[in-house]
Amino acid sequence: MTSQSIPPPPRRILSLPAIAPCESVSPSALLSSLLSLAADVSSSDSIPARCPTHRRAVREALRHVAILSTFFADIAGSDLPASAVLGLSELHVTLQRLGHLLRDCSRRGARLWILMNSGRVLSELRVLLRSVAVALDVLPLDSLALSSDVRDTVSLLSRQAWKADLKPDPADERAAEAVRSALAAFAGAVPPDGVELKALLRRLQVRSWSDCGDEIAFLEEQLLDYSTGDDGEAVLLGNLTGLLVYCRATMFKADGVEARKEPRLEEQRIGGLNPEAFRCPISLDIMAEPVTISTGQTYDRASIVRWLESGCLTCPVTGEKLRSAEFVPNSAVQRIINQYCHYNNISAAGSNSGSRKRDLAKTSSPQSPAAAGATRMAVAFLVGRLHAGSDGEKNRAAHEIRLLSKSSIFNRACFVEADCVPWLLHLLSTPDPSTQDNAVAALLNLSKHPSGRAAIFEVGGTGLVIDAVSEGLKAEAKQNAAAILFYLSSVEEYRKEIGEIPGAIPALVHLLRRGGYRGKKNAIVALFGLLLSPGNQLRAVAAGAARALVDLLGDEREDLVNDCVGVLAKMAERQEGADAILAASPDVLQSLVGVLQSSTSRSGREYCVSVMLSLCDSCGAKVVGLLEKMPLLMPALYSVVAGGPPHASKKARSLVNYIHRFHDQEDFPSAAALPPPPPAAQDRVVHAR
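If you're matching positions, the sequence shown starts at 1 in full-length UniProt numbering and goes up one per residue.
In structure tokens form, the structure reads like this:
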């Protein structure tokens with residue numbers, strides 16, 4: 001029913017899965033597969049060059065595979081006895097696992113981890129080579145049509161494989177000792193030997209800022225998996241991450257921003273995408289394994305398989321009858337989803353790759369004293385560059401701070417404690433767009449920490465952030481500055497003072513009108529936070545927030561519309577806000593009804609009901625009369641009454657009763673506000689059973 005080309009799930013490093021051939025496989029088919037498998041492994045001539053560690057062991061393994069390849073070629077075409085299937089099957093499994101191991105040893109980004117797990121790597125390799133010896137011993141070599149040279153070589157290989165005594169390269173041992181020495185120095189708050197660290201990085205072929213970043217990214221991903229498991233492994237991963245963070249910050253200062261410029265531009269595009277587009281139309285979860293069916297629609301693999309297996313042979317979206325029940329992986333969508341998950345710190349592992357967020361709570365403390373020491377030394381170095389570096393060094397330091405503070409609470413606390421915030425605020429007035437962008441993004445990350453918010457506010461940085469919202473040199477700087485205001489507005493004292501700054505709310509309203517998706521999104525949530533202070537309601541009305549929000553009710557992005565309705569609900573609680581909403585557009589009520597009818601979000605529907613209920617409370621018959629004439633409103637309200645959460649159901653019931661009372665009254669005063677409905681009116685609502 002499914003396509004043959006669906007890829008297997010990702011494999012954890014040094015896990016060596018293999019699929020055994022079926023028992024009924026013919027010897028000739030098995031031999032053909034072995035030839036292909038051995039050629040795939042032995043043709044990787046570049047593996048030793050890409051393996052900075054364990055080179056002797058890797059070469060020895062490749063020598064074994066080359067001899068086996070010759071052996072397979074020598075018996076190809078000859079009649080093989082059925083008794084050969086067992087030995088050949090064992091070789092098939094062993095070669096699969098050996099291929100995984102060699103690829104892991106040459107894996108980009110995993111070099112330091114492989115070095116520090118040398119014992120495990122060599123142990124796995126010994127087991128695999130001895131598995132080769134076992135399989136060769138099981139094979140009936142005397143019954144095979146082998147040339148004498150090949151027979152002698154295979155017999156010698158079997159004896160050597162049994163006795164294989166793989167040991168670490170001396171250079172690997174020296175490199176591992178340099179790592180342990182550096183970690184001990186970090187634990188004692190002493191800078192490590194720079195010469196030793198440079199030699200270590202040369203040994204690992206970590207030659208650039210980007211190489212170091214790849215190593216850090218790999219370790220952080222591994223740490224995510226191990227953080228709830230083996231504590232010893234988590235400590236090792238944390239130590240190695242701290243070491244590489246220190247190296248990247250202090251030893252690769254020349255190419256930091258430049259080396260990452262294009263990937264960061266790609267990240268900015270990815271970060272502005274609407275995650276609703278990644279959801280499977282069947283399950284409504286973000287797709288873990290997107291596949292495309294014959295109609296061109298894309299679904300999550302597990303969901304469409306269940307759909308087809310249930311006997312449904314139509315496209316769930318279009319209703320079109322499927323020409324074929326096969327589907328193919330949509331690698332383009334998969335790549336975009338993976339990039340989106342990485343950009344937003346979402347784990348891509350598991351059956352629902354978009355549903356499991358990284359648990360930042362586990363980053364509030366370091367894994368060990370060594371990891372803490374390495375981080376603090378890197379932080380001190382970077383803050384020093386912000387203070388006394390050249391313009392280029394300040395930009396690179398801000399960029400590094402931006403990265404290190406993105407997904408670690410401990411890192412954020414370290415930067416705040418090191419007085420990083422004032423220097424980053426100083427960079428907001430720079431004429432260089434890249435430097436300003438990096439500084440704003442770094443401040444955004446620090447504003448997520450309570451001490452970071454306090455630091456920004458207490459040094460008078462709020463005005464500089466507002467200036468960045470209105471006059472930022474890049475769109476990304478403006479939208480990130482708006483996000484900073486959102487985090488600052490989470491503190492009651494701060495939101496009041498932010499609102500009193502003359503340009504604060506107008507800057508957000510302007511971004512709401514002119515910004516891109518992420519800019520609008522951040523401006524909306526920042527406005528919502530500021531409106532929690534009663535004094536900011538009138539300021540938002542004066543700045544034209546109601547008109548800007550109402551104009552977005554027709555936007556195609558549902559999450560943006562729901563956020564807008566949430567802010568309108570807050571504004572409508574006051575008479576001035578309700579009047580401004582009604583004056584914003586003659587079709588505002590119709591737009592609200594449309595959102596209520598079409599929204600799939602419970603909170604969005606509740607916000608719609610709240611807005612209309614507040615408008616009825618504030619403006620009376622003028623609003624109720626218009627709502628009563630909208631035929632689509634009542635079914636949508638009854639849906640909320642019957643199936644919404646209690647709070648939303650209560651609001652919807654009140655709005656229904658308003659409309660019923662207006663309909664029943666013959667002499668309703670057109671200018672007066674409606675009084676609250678009497679308790680008896682509740683009986684008019686039909687409850688679903």
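Note that the Cβ used here is the ideal one computed from N, Cα and C, for glycine as well. Quick caveat: nothing in here was measured; it's all calculated off a predicted structure.
Coarse secondary structure for residue i, derived from DSSP in three states
i	result
Q339	helix
P645	coil
T318	coil
I659	helix
P329	strand
R12	coil
R412	helix
R279	strand
C247	helix
L530	helix
P17	coil
C22	coil
G503	coil
F252	coil
K496	helix
A542	helix
L128	helix
T654	It is worth fixing the name first, because residue 654 is Ser in this sequence and not Thr. Three-state result, S654: helix.
A199	helix
S490	coil
R323	coil
K478	helix
C420	helix
V459	coil
Beta carbon of residue i nearer than 9 Å to that of residue j
i	j	result
A249	L427	no
V121	A57	yes
A652	L637	yes
S89	A20	yes
G242	G373	yes
L35	R111	no
V154	F278	no
A176	M116	yes
L446	L424	yes
R513	D555	no
C341	V379	no
C616	L592	no
V190	S131	no
L14	A61	no
Endpoints, the beta strand (DSSP E) within which residue i is located
i	result
P431	Premise fails: P431 is in no beta strand (DSSP E) and is neither H nor E.
D300	T298 to D300
V291	P290 to T292
Cβ distance (whole Å) where residue i is taken to contact residue j below 8 Å
i	j	result
L527	V567	5 Å
L16	L101	6 Å
I293	I282	In fact, because the Cβ distance is near 11 Å, the residues do not count as touching under 8 Å.
V465	A481	5 Å
A540	L531	6 Å
G535	F486	G535 to F486, Cβ: 18 Å. No contact.
A648	V609	6 Å
H449	R412	4 Å
V179	T375	Actually they do not touch by this definition, with Cβ atoms about 16 Å apart.
L37	I75	Not really, about 15 Å apart at Cβ, beyond 8 Å.
residue 749	M571	Because the chain here runs from 1 to 689, residue 749 falls outside it and cannot be looked at.
M369	A187	Looking at the sequence itself, residue 369 is Pro, so the reference to Met does not match. With 8 Å as the limit, P369 and A187 qualify as a contact, their Cβ atoms being about 4 Å apart.
Residue i - containing alpha helix (DSSP H), residue span
i	result
D563	E558 to M571
D285	Here D285 belongs to no alpha helix (DSSP H), and DSSP marks it neither H nor E.
A29	P27 to S42
I75	R55 to I75
M630	Taken as a continuous stretch (DSSP letters only), M630 belongs to no alpha helix (DSSP H), as it is neither H nor E.
D467	T462 to E471
D551	A545 to D551
P366	Segment: none, P366 is in no alpha helix (DSSP H) and carries neither H nor E.
L139	Unbroken run through L139: none, as it is neither H nor E.
K394	D391 to L404
S148	S148 to K163
heavy atom of the ligand SAH below 8 Å from residue i C-beta
i	result
L633	Absent from the structure shown: the ligand SAH. Ligands present: none.
* If you scan the segment 168-193 from start to end, which runs of the beta strand (DSSP E) of 3 or more residues do you find wholly inside it? -> none
* To do: Output the residue ranges of the alpha helix (DSSP H) runs that lie fully inside the segment 80-119 and measure 4 residues or longer, sorted by chain position.
  => 84-105 and 111-116
* Scan the segment 203-232 and note each continuous alpha helix (DSSP H) run of 4 residues or more that stays entirely inside, going in chain order. => 209-226
* To do: Could you pull out every unbroken alpha helix (DSSP H) segment of at least 4 residues lying fully inside the segment 579-618, listed in chain order?
  => 588-598
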